[in-house]
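For reference, the structure is listed below as structure tokens.
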Amino acid sequence: MPEGPPKIAVDDPFAVPPDTLGMDAEQMRRLGLLVVDMVVDRALRRNEEPAILTGEPQQLLEQLGGPLPEDPVDAESSLRLMAEVALSHQQHGDHPRYFARVPGPAAFGHHHHL
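With this note's numbering as the guide, the letters of the sequence shown map in order to residues 143 to 256.
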């Protein structure tokens, strides 16, 4: 795979640089793999968690660190915080004991026989 940012023709006035959020290819790959790990971990343990988890708004705001930061922060720690606090406190429609409504399939295997 080519390393470094893609080359953009300087003489092309319509060239649009890639939207990388200021990260290099290695950082993007590392975060992408972290997300894949989080998705797999969640799929393997979702039956151990509550189908619905709520929290007090003030407590959640404190856990999330207060208002949104003005300056850049570490992407990996932000991603972990979002998964551990924000995404865990919700209705988990993919949970095996969640019967409130069914917005979509709960597992990859549900489509194989359609």
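Just so it is clear, CB atoms sit at the ideal spot from N, CA and C, and this is done for glycine as well. If you're wondering where the values come from, they're calculated on a predicted model, not measured in any experiment.
Rounded to whole angstroms, what's the CA-CA distance from residue i to residue j? Just pull it up for me.
{"i": "G235", "j": "L221", "result": "21 Å"}
{"i": "V227", "j": "M170", "result": "22 Å"}
{"i": "H237", "j": "P209", "result": "30 Å"}
{"i": "L175", "j": "E168", "result": "11 Å"}
{"i": "D216", "j": "R184", "result": "22 Å"}
{"i": "P192", "j": "L229", "result": "13 Å"}
{"i": "R187", "j": "M180", "result": "11 Å"}
{"i": "P159", "j": "A242", "result": "44 Å"}
{"i": "D213", "j": "Q205", "result": "19 Å"}
{"i": "Q200", "j": "D161", "result": "34 Å"}
Can you tell which of the options has the C-alpha that lies nearest to the C-alpha of residue i?
{"i": "E218", "options": "E204, P238, M165", "result": "M165"}
{"i": "V182", "options": "P214, L206, A225, D154", "result": "A225"}
{"i": "Y240", "options": "N189, R184, L176", "result": "N189"}
{"i": "L223", "options": "D179, P159, G207", "result": "G207"}
Only counting the same chain, and skipping five residues up and downstream in sequence, which positions put a Cβ closer than 6 Å to that of residue i?
{"i": "G197", "result": "H231"}
{"i": "Q233", "result": "I194"}
*Could you name each continuous alpha helix (DSSP H) segment of 4 residues or more that falls completely within the segment 169 to 208, going from the start of the chain to the end?*
Listed in chain order, they are 199 to 205.
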